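Here the structure comes first, spelled out in structure tokens, and everything after it is commentary.
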Amino acid sequence: MRMKILSVLLLLVLVSMTVFTQELHYSYYQFTPLNVNPANAGAFSGSYRISGIFSDKQAAITPRPFRTFTLSADAPIIRGIRKQDWIGIGIEADIIGKSGLNFNEQSNSINPEVNSSFTQSWTFMKIGAAYHFSLDKKQTNIITFGAQFINGSRDYNRLNQKDGRVKLQTGFNDFDIEHFNLGPAQGAGSGNNNSNNVEFNAYKDLNVGFLFNARRKTSDLRLGFALEGLLNPAVGFESRSTTRDSVETKYFGLNIHASYDMEINKKTHIVPALYYYSLGPANALNVNSHVWYQIDPEKEFKVGAGLGLRNFRAAIIYLGAEFKDIRVGLAYDIDLSSATIGSKSVGGFELCASYMGKIYKKPKPKAVIFCPSL
35 MRMKILSVLL
45 LLVLVSMTVF
55 TQELHYSYYQ
65 FTPLNVNPAN
75 AGAFSGSYRI
85 SGIFSDKQAA
95 ITPRPFRTFT
105 LSADAPIIRG
115 IRKQDWIGIG
125 IEADIIGKSG
135 LNFNEQSNSI
145 NPEVNSSFTQ
155 SWTFMKIGAA
165 YHFSLDKKQT
175 NIITFGAQFI
185 NGSRDYNRLN
195 QKDGRVKLQT
205 GFNDFDIEHF
215 NLGPAQGAGS
225 GNNNSNNVEF
235 NAYKDLNVGF
245 LFNARRKTSD
255 LRLGFALEGL
265 LNPAVGFESR
275 STTRDSVETK
285 YFGLNIHASY
295 DMEINKKTHI
305 VPALYYYSLG
315 PANALNVNSH
325 VWYQIDPEKE
335 FKVGAGLGLR
345 NFRAAIIYLG
355 AEFKDIRVGL
365 AYDIDLSSAT
375 IGSKSVGGFE
385 LCASYMGKIY
395 KKPKPKAVIF
405 CPSL
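Okay, so the sequence shown: first residue is 35 according to our numbering, each after it adds one.
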């Protein structure tokens, strides 16, 4: 069983190593447990859990919306020091998609008065573990300590004339773009076009988290917090940069989350929750509540809906469904901020899915010899 779980986790590591990553927080954060708190690794009843979420933000007001994707897997891998304790491990790959940037770079622009244009993206690879310490033998009250190592990178690609959005954004003609990509030393007539070169800066960080879980027959309470930026990493825009203007220190981050899953009757659950997160001077509070209704108990089919509010700037509509071990969800943000005029209240959407697998041990029946009585 452990080898199967390790194979799934190893596959996710290999996938995440092939991708090229600013911090991200989702509206439907319930589908990104490891992003919320490293102590969530293995904090569930099952053999392994795989989760994924795709987000598309601000598409109504920019030709280059922020598209992000997160894929994670975690599992309770081994028993702890005591019989009622266990250790969970988890890995996560985060990709924050490209968005347009404009800034002056006189050394590479044919016209210093025109802003240079790039697209940037971020990638995070997270690997962590958590120790779940049960306060009783029945595992009804559990405290968890988790840690997560992060390897991140920030990169950008130079735009070229083959990108249909370049002229629209920058106003450059083909000659300007080619000259900028090659640099003034080579000139526009050179055949060595380096427009697809990528500049990036890698950094490492450490997150830690704490989780308290009180499980009862008709309720499930979870309280936790996580800290990030403990290694105080330097994040630069160019890997070869040495000036202070191009290198900045990552802000210290704090996540606080709480949820209370309570059974109203045999078919209905209500789950009020909150999620507060801050990164340096920026912070947000997501207060939400979900209602889950079991349509067919025999087929283990549930549907859910919920509402949320983030900083009084966005209302969130949640829709979800659960069939046995598979759960899917959709979150739709309604913009309530000053950007409403441009966005027409469309803040973005998220598509989510998770699978909680269970691996059962095969029973080993004792051999029985049938002997007819003589």
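No residue lacks a Cβ here, since even glycine has one placed at the ideal position from N, Cα and C.
Please read these numbers as outputs of a predicted model, since none were measured by experiment.
Quick one: measure Cβ to Cβ for residue i and residue j, integer angstroms, because I've assumed they're closer than 8 Å.
{"i": "K392", "j": "D359", "result": "7 Å"}
{"i": "S323", "j": "L341", "result": "6 Å"}
{"i": "G76", "j": "A109", "result": "6 Å"}
{"i": "L245", "j": "N71", "result": "6 Å"}
{"i": "A181", "j": "G122", "result": "In fact, because the Cβ distance is near 12 Å, the residues do not count as touching under 8 Å."}
{"i": "I125", "j": "I161", "result": "5 Å"}
Straight-line CA distance for residue i to residue j?
{"i": "H291", "j": "P399", "result": "46 Å"}
{"i": "E282", "j": "I129", "result": "21 Å"}
{"i": "Y63", "j": "L264", "result": "22 Å"}
{"i": "I184", "j": "V402", "result": "54 Å"}
{"i": "S377", "j": "L240", "result": "The predicted model places S377 with a pLDDT of 45, which falls under 50 and marks its position as unreliable, so this point remains unresolved."}
{"i": "F158", "j": "G80", "result": "26 Å"}
{"i": "Y394", "j": "A73", "result": "25 Å"}
{"i": "P397", "j": "L257", "result": "37 Å"}
{"i": "C386", "j": "V325", "result": "17 Å"}
{"i": "F346", "j": "N317", "result": "12 Å"}
{"i": "A93", "j": "F103", "result": "Residue confidence for A93 is low, a pLDDT of 48 falling below 50, so the modelled location carries little weight and cannot support an answer."}
{"i": "N289", "j": "V242", "result": "10 Å"}
{"i": "P267", "j": "L261", "result": "14 Å"}
{"i": "I351", "j": "V362", "result": "14 Å"}
{"i": "N175", "j": "R249", "result": "6 Å"}
{"i": "F100", "j": "K172", "result": "45 Å"}
{"i": "I111", "j": "L353", "result": "31 Å"}
{"i": "P67", "j": "K333", "result": "26 Å"}
{"i": "K117", "j": "P331", "result": "33 Å"}
{"i": "S293", "j": "S61", "result": "15 Å"}
Determine the closest residue to residue i out of the options, with distance taken between C-alpha atoms.
{"i": "S388", "options": "S293, A355, P306, L343", "result": "A355"}
{"i": "K412", "options": "A316, F259, A163, T252", "result": "It is not possible to answer for residue 412, since the shown part of the chain is limited to 35 through 408."}
{"i": "A107", "options": "F357, F286, F65, K172", "result": "F65"}
{"i": "A31", "options": "A339, F357, G338, S155", "result": "The requested residue 31 does not occur in the structure, where the chain is confined to residues 35 to 408."}
{"i": "A339", "options": "T174, E332, P306, K333", "result": "P306"}
{"i": "D254", "options": "Y285, K284, F286, M296", "result": "M296"}
{"i": "F179", "options": "R101, K117, N247, K171", "result": "N247"}
Between which two residues does the alpha helix (DSSP H) holding residue i run?
{"i": "L68", "result": "67-70"}
How would you write the range of the beta strand (DSSP E) that residue i sits in, first residue to last?
{"i": "T302", "result": "302-313"}
{"i": "G287", "result": "287-297"}
{"i": "Q328", "result": "316-330"}
{"i": "L364", "result": "360-369"}
{"i": "F357", "result": "348-357"}
{"i": "E262", "result": "253-262"}
{"i": "G342", "result": "335-344"}
{"i": "Y82", "result": "82-91"}
{"i": "I112", "result": "100-113"}
Given residue i, which residues of its chain have a CB within under 6 Å of its CB, disregarding the five upstream and five downstream residues?
{"i": "I309", "result": "The residue asked about is misnamed: residue 309 is Tyr in this sequence, not Ile. These residues qualify, in order along the chain: Y63, H291, N320."}
{"i": "L105", "result": "G86, A127"}
{"i": "K336", "result": "W326, Q328, E356"}
{"i": "I415", "result": "Since the first and last residues shown for the chain are 35 and 408, residue 415 lies out of range."}
{"i": "H59", "result": "Y311"}
Which residues in the same chain as residue i place their Cβ atom closer than 8 Å to its Cβ, once the five residues preceding and following it in sequence are excluded?
{"i": "A349", "result": "L341, G342, L343, D367, I368, L370"}
{"i": "F383", "result": "S89, D90, L364, A365, Y366, D367"}
{"i": "D119", "result": "R113, Y165, H166, F167, S168"}
{"i": "F9", "result": "Beyond the ends of the chain as shown, which are 35 and 408, falls residue 9; an answer cannot be given."}
{"i": "T302", "result": "V325, W326, Y327, Q328"}
Apart from the five residues on each side of it in sequence, which residues of its chain come closer than 7 Å, Cβ to Cβ, to residue i?
{"i": "I298", "result": "I304"}
{"i": "M390", "result": "F78, G80, R83, D359"}
{"i": "R278", "result": "Confidence is the limiting factor: at R278 the pLDDT is only 48, short of 50, which leaves the residue's position unreliable, though a coordinate-based value still follows. Within the same chain, R278 has no close Cβ partners at all."}
{"i": "Y285", "result": "G263, L313, G314"}
{"i": "D170", "result": "none"}
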